[in-house]
Amino acid sequence: MEREIAISSIIMTSFTPSHAGPVTMAGQDPDDQGEGPGGPSVGIATRTRTRTKKPSLYKVLMLNDDYTPMEFVVHVLQSFFRMDMEEATRVMLHVHQRGVGVCGVFSYEVAETKVNQVMDFARQNQHPLQCTLEKA
Numbered sequence: 003m004e005r006e007i008a009i010s011s012i013i014m015t016s017f018t019p020s021h022a023g024p025v026t027m028a029g030q031d032p033d034d035q036g037e038g039p040g041g042p043s044v045g046i047a048t049r050t051r052t053r054t055k056k057p058s059l060y061k062v063l064m065l066n067d068d069y070t071p072m073e074f075v076v077h078v079l080q081s082f083f084r085m086d087m088e089e090a091t092r093v094m095l096h097v098h099q100r101g102v103g104v105c106g107v108f109s110y111e112v113a114e115t116k117v118n119q120v121m122d123f124a125r126q127n128q129h130p131l132q133c134t135l136e137k138a
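At position 98 of the sequence shown (counting the first as 1) the number is 100 in the numbering used here, and the numbers step up by one without a gap.
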């Protein structure tokens, strides 16, 4: 048993960099020299693992109205949501027939920006097109 302790202490000291300070285990007093009333102190080394939370997703919804031309809606979908002509037409018809349609799903900041861009563009072109967002 003494021989095992001697070998492990030799191995530990040979791999410890000379410039490194003393290693403190979790729950160990930094002033403690490793020896207590019952012998060497034993601690558990812990590593904190941080987990990043994925951002919540939001749907950008376009609402139907009786005044905005279908061609304008298709143009908006192509310009702000990077849809091709076929997909933009399909979404526009869905909005027209059902009253509301999903333009895309994004993080909150991106969804909010897209809603604002669409609303501003519609107002600049004197159309009452409405766009909103809701949690996906």
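Note that the Cβ used here is the ideal one computed from N, Cα and C, for glycine as well.
None of the values given here were measured: they were computed from a predicted structure.
In whole angstroms, what separates the C-alpha of residue i from that of residue j?
i, j, result
"Pro130", "Arg92", "21 angstroms"
"Asp67", "Leu95", "12 angstroms"
"Arg84", "Tyr69", "24 angstroms"
"Glu136", "Pro57", "14 angstroms"
"Ile12", "Thr50", "Residue confidence is low: Ile12 scores 42 on pLDDT, short of 50, so the model does not pin down where it sits. Its coordinate-derived value is still stated next. So the alpha carbons of these two residues sit roughly 29 angstroms apart."
"Tyr110", "Phe82", "16 angstroms"
"Arg5", "Thr54", "Because the pLDDT of Arg5 is 49, which lies under 50, any placement of that residue in the model is unreliable, and the number read from its coordinates should be weighed accordingly. Going by the C-alpha atoms only, they are around 46 angstroms apart."
"Phe108", "Phe123", "20 angstroms"
Hey, quick one: how far does the beta strand (DSSP E) through residue i stretch, first residue to last?
i, result
"Leu59", "59-65"
"Leu135", "132-137"
Kindly indicate the opening and closing residues of the alpha helix (DSSP H) around residue i.
i, result
"Gln99", "87-100"
"His77", "72-83"
Do you know whose CA, among the options, lies nearest residue i's CA?
i, options, result
"Asn118", "Thr54, His98, Pro71, Val78", "Val78"
"Cys133", "Tyr110, Val104, Glu111", "Val104"
"Val112", "Val62, Ala47, Val44", "Val62"
Under 9 angstroms between the Cβ atoms of residue i and residue j?
i, j, result
"Val97", "Leu59", "no"
"Val76", "Met87", "yes"
"Met80", "Ala90", "Residue identity differs from the one stated: residue 80 is Gln in this sequence, not Met. Against a cut-off of 9 angstroms, the Cβ pair of Ala90 and Gln80 comes out as a contact."
"Gly101", "Lys116", "no"
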